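Trainee: In UniProt numbering, the protein residues as written are 1 to 527. C-beta atoms are modelled at their ideal positions from N, C-alpha and C, and glycine is treated no differently. Computed from a predicted structure; not experimentally measured.
(1) If you follow the alpha helix (DSSP H) that residue 143 is part of, which residue opens it and which one closes it?
(2) How big is the Cα-Cα spacing for residue 384 and residue 421?
(3) Counting only the same chain and skipping the five closest in sequence on each side, list residues whose C-beta sits under 6 angstroms from that of residue 242.
(4) Which whole-angstrom value is the C-beta distance of residue 426 and residue 460, which I expect to be below 8 angstroms?
(5) For residue 13 and residue 378, what's the separation of their Cα atoms in angstroms?
(6) Provide the residue(s) that pair with residue 123 in DSSP beta bridges, ordered along the chain.
(7) Measure the alpha-carbon distance for residue 136 versus residue 447 and round it to whole angstroms.
(8) If you measure between the beta carbons of residue 30 and residue 205, is that distance less than 9 angstroms?
(9) Can you name, in chain order, every residue of its own chain whose Cβ lies under 7 angstroms from the Cβ of residue 26, other than the five neighbours on each side?
(10) Quick check on this structure: which residue in 355, 462, 485 and 456 has the alpha carbon closest to the alpha carbon of residue 475?
(11) Quick one: residues in its chain with C-beta nearer than 7 angstroms to the C-beta of residue 126, no 5 flanking neighbours on either side, listed in chain order?
(12) Since residue 275 and residue 170 should fall inside the 8 angstroms C-beta cutoff, what is the C-beta to C-beta distance between them, to a whole number of angstroms?
(13) In the DSSP assignment, what residue or residues form a beta bridge with residue 58?
(14) With a CB to CB cut of under 7 angstroms and the five nearest residues on each side skipped, what residues in its chain are close to residue 71?
(15) Is residue 5 helix, strand or coil when you go by DSSP?
(16) For a test of the three-state rule: what should DSSP assign to residue 223, helix, strand or coil?
(17) Suppose contacts are defined by Cβ-Cβ distances below 9 angstroms. Is residue 430 in contact with residue 452 by that definition?
(18) Residue 441 by DSSP, collapsed to three states: which one?
(19) Do you know how far the Cα of residue 263 is from the Cα of residue 295?
(20) Which runs of the alpha helix (DSSP H) fall wholly inside the stretch 347-404 and span at least 4 residues, in chain order?
(21) Give the single residue among 406, 444 and 348 whose Cα lies nearest to the Cα of residue 128.
(22) Assign residue 29 to one of three DSSP states: helix, strand, or coil.
(23) Would the C-beta of residue 8 count as close to the ligand GDP, meaning under 8 angstroms from any of its heavy atoms?
(24) Are the CB atoms of residue 56 and residue 337 within a distance shorter than 9 angstroms?
(25) Using a Cβ-Cβ cut-off of 6 angstroms (strictly less than) and excluding sequence neighbours within five positions of residue 202, which residues of its own chain qualify?
(26) Straight-line CA distance for residue 62 to residue 419?
(27) Are there three or more Cβ pairs, one per stretch, closer than 8 angstroms when the stretch 166-183 is compared with the stretch 247-254?
(28) Between residue 273 and chain C, is there a C-beta pair that is closer than 9 angstroms?
(29) For residue 462, which three-state DSSP category applies?
(30) Return the first residue and the last residue of the alpha helix (DSSP H) that residue 280 is part of.
(31) Measure the alpha-carbon distance for residue 200 versus residue 465 and round it to whole angstroms.
(32) Cα separation between residue 359 and residue 381?
(33) Note down, in chain order, each residue of its chain lying with its Cβ closer than 6 angstroms to the Cβ of residue 311, except the 5 sequence neighbours on either side.
(34) For the alpha helix (DSSP H) holding residue 467, just list the boundary residues, first then last.
(35) What does the alpha-carbon distance come out to for the pair residue 455 and residue 112?
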């Protein structure tokens with residue numbers, strides 16, 4: 001693909017990818033139902049987890065600057081099987097994320113026109129309740145975004161940061177105008193009504209608000225100078241986003257008591273409640289701008305994921321075709337957005353947000369594991385003893401993290417006995433990895449600092465947040481994973497194996513031809 005993006009493009013893609021439906025929709029839902037004013041802590045926890053994942057993604061994006069994103073990284077470090085499982089969840093993440101944002105787009109569009117969101121949806125009474133509100137506006141929005149994504153990556157970038165600038169102007173207005181109506185008692189009277197469990201439960205859902213930066217890493221193949229542009233663009237965008245989210249959450253909770261916050265359009269309703277009814281139109285306009293940029297960056301990123309997966313023949317290879325006219329993966333873009341539109345047409349936002357968080361946290365955990373493997377293992381160089389030590393340390397880190405998450409999720413009123421075992425086990429395994437296992441690889445251009453502590457912390461936090469998500473979402477996640485396994489063993493595995501055989505045969509033929517050519521040259525020189 002054409003290399004035409006710089007750090008400025010990536011930074012605005014990062015901001016545009018992240019600041020959207022999450023802050024404008026889920027903030028109200030989680031503040032009212034899960035965390036109260038402590039939702040600001042929920043955003044901080046999710047932000048720390050997302051930043052740790054950003055560091056991991058950044059090193060891989062520089063070392064492996066192709067369009068495949070985490071699929072490419074995991075395939076190199078953990079093999080085809082784990083890469084394919086992750087790939088299926090990545091595609092699910094993008095489809096669900098785009099669908100959630102598109103349905104939220106309809107909600108704020110309705111607010112802009114003084115209507116309830118369901119006024120613009122078709123109620124199909126014959127369908128289950130969570131799938132009965134059909135959303136044609138979401139489908140239209142996704143279709144228009146598809147056209148932008150197909151025509152030009154650079155054009156999409158310019159459109160994105162123009163919208164993002166307007167979006168930031170609206171956010172500044174929301175903060176300034178909202179704080180002018182602030183009441184400290186709304187924030188401090190009952191700061192954490194649902195306790196620590198509410199804070200972490202909200203963090204798991206609000207992780208949805210940070211999803212999108214991984215789409216920027218898929219643009220490494222189109223970046224002029226990946227070693228410089230990717231770290232600056234990704235880390236800068238995530239730091240700015242975290243600060244903005246926390247300030248917006250504080251603003252909302254200062255304007256209204258958490259019990260009165262509207263779960264569908266919290267900022268618009270909050271301004272109406274404090275006597276600034278006119279301001280809700282500005283808020284709705286800004287929310288629509290933000291969600292439009294999220295959809296655009298998502299469309300660009302998901303198509304590049306599918307393109308790279310199709311290049312390996314784990315998905316139909318026809319989807320890997322890049323248009324010679326536009327320089328973009330048209331077929332992959334249309335395929336992904338068609339799936340997104342179908343999901344958006346039927347499915348309720350609550351189901352989408354929880355399932356999306358599971359898929360994303362799972363992928364980010366795998367990328368952190370892959371980074372540890374990347375630093376500590378090189379095939380043919382790492383000794384069997386050091387390889388065993390590495391595998392053992394990673395196994396203990398994963399087991400300790402899962403144990404902590406399970407205990408947190410199941411022991412509603414439990415004590416701290418299990419944590420006294422699992423947390424020290426995680427610490428000791430990470431410490432031994434640092435002191436007892438030599439690193440096999442040093443990054444050539446840019447590397448994650450504080451290895452193994454940073455990726456190990458990323459694994460722990462991501463798995464811990466998974467322990468705060470509801471059981472039904474895990475059931476849906478399990479069904480999707482089973483479907484992926486069936487496809488992999490009956491289709492993907494054989495297709496990728498056949499492709500590998502063909503490539504090996506072509507390489508052998510090339511070596512034979514090269515050897516024959518050299519023999520001819522030597523004979524000619526002798527004569």
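Mentor: Reading it off the structure:
(1) 136-151
(2) 29 angstroms
(3) 47
(4) 6 angstroms
(5) 34 angstroms
(6) 133
(7) 45 angstroms
(8) yes
(9) 205, 206, 208, 209 and 353
(10) 355
(11) none
(12) Not quite, the Cβ-Cβ distance comes to about 20 angstroms (not below 8 angstroms), so this is no contact.
(13) BP columns for residue 58 are empty, so no partner.
(14) 83, 86, 87, 90, 305, 308 and 309
(15) strand
(16) strand
(17) yes
(18) coil
(19) 21 angstroms
(20) 349-376
(21) 348
(22) helix
(23) Among the components modelled here there is no ligand, and therefore nothing to report on the ligand GDP.
(24) no
(25) 30, 34, 35, 39 and 42
(26) 37 angstroms
(27) yes
(28) No chain C is present in this structure, which holds just one protein chain.
(29) helix
(30) 279-311
(31) 7 angstroms
(32) 34 angstroms
(33) 320
(34) That residue, residue 467, is in no alpha helix (DSSP H); it is neither H nor E in DSSP.
(35) 43 angstroms
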